[in-house]
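Participant: In my numbering, the protein residues as written are 7 to 188.
From the three backbone atoms N, C-alpha and C, an ideal C-beta is built for every residue, glycine too.
Note that this is a predicted model, so its numbers are computed, not measured.
Shown next as C-alpha cells:
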C-alpha cells in the first residue's frame, strides 16, 4: 500500500513536471497549488509526509488531494495511470519575486563555486539590476541571505572576489561576491 502511495506521488511529480515543461515554467519557479485525484484505491492514503514530499518535489505551495478535480482557465490538467493532477499555472507577484530570488540564489551558488569559496563561508553579495529585480531582492532578502550564507547589499563595498553579469528572465543582473570580513 505504501509502495502504491509512493508511486502515486512520483507520478504526480512527473505529471506536474510535464505541465511545467509544456508551459515553459521552470521547476525552480514556485506555483501556488495543485489538485491531485488518486484513482487507485491502494494508493489513496497519501499521508501528510507524502503530501509534503509531493509539494517539495513539484515546488507547489499547496497540494489538495480530492475526489474530483476542479480545473478552470488558470489550471492545466494532466491524466496518469494512478493519479490525475490539475496545476495552477498563474504566477502572481509574490511567486514571481520568489522565483527571481531563487534564480539569484542559483547564480550566487555558481559564483561561490567558481571563486572556490567554502560552502560554509559567509560572503557579501552585491546585486545591481532594474527596479523589478531590486524589489524582488528586497522582498526576498532573508531567503537569499539564508540560502547563500551571504549578506545582501545593493552597493559594492571593497573589492569583490568575482563579478559576473547574468540574464535572469530577460533582465540584466550584475552580481559580485566577496568574503565577509568580521
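Could you check what DSSP says for residue 124 in three-state terms: helix, strand or coil?
Facilitator: Three-state DSSP puts residue 124 in coil, outside helix and strand.
Participant: Could you tell me which residues DSSP pairs with residue 77 in its beta bridges?
Facilitator: Paired residue(s): none; residue 77 is not in a bridge.
Participant: Does the pairing of the segment 151–159 with the segment 83–91 give three or more beta-carbon distances under 8 Å?
Facilitator: Short answer: they don't touch.
Participant: Once DSSP output is grouped into helix, strand and coil, what is the label at residue 90?
Facilitator: It is a strand residue.
Participant: Pairs of beta-carbons, one from the segment 31–42 and one from the segment 93–113, closer than 8 Å: are there three or more?
Facilitator: They touch, by the three-pair rule.
Participant: Exposed or buried, what is residue 64 when buried is set at 16 or more other beta-carbons lying within 10 Å of its beta-carbon?
Facilitator: Residue 64 should be labelled buried.
Participant: Alpha carbon to alpha carbon, how far is residue 51 from residue 20?
Facilitator: Between residue 51 and residue 20, the C-alpha separation is close to 19 Å.
Participant: Can you tell which of 120, 57 and 134 has the C-alpha that lies nearest to the C-alpha of residue 172?
Facilitator: For residue 172, the nearest C-alpha among the options comes from 134.
Participant: Quickly, what does DSSP pair residue 135 with across the bridge? List them, please.
Facilitator: Answer is none; residue 135 lacks a bridge partner.
Participant: Is the segment 65–76 in contact with the segment 120–134, if contact means three or more CB pairs nearer than 8 Å?
Facilitator: With a cut-off of 8 Å, the segment 120–134 and the segment 65–76 do not count as touching, because too few Cβ pairs lie within range.
Participant: What would DSSP say about residue 192, mapped onto helix, strand or coil?
Facilitator: Any answer about residue 192 is impossible in this case: the structure gives the chain only from 7 up to 188.
Participant: Nearest CA to the CA of residue 131: which residue from 187, 46, 176 and 175?
Facilitator: If we check each option's Cα against that of residue 131, 187 comes out closest.
Participant: For residue 90, which of 160, 22, 177 and 185 has the nearest alpha-carbon?
Facilitator: Measuring from the Cα of residue 90, the nearest candidate turns out to be 22.
Participant: Measure the Cβ-Cβ separation of residue 128 and residue 155 and say whether it is below 7 Å.
Facilitator: A contact, by the Cβ cut-off of 7 Å.
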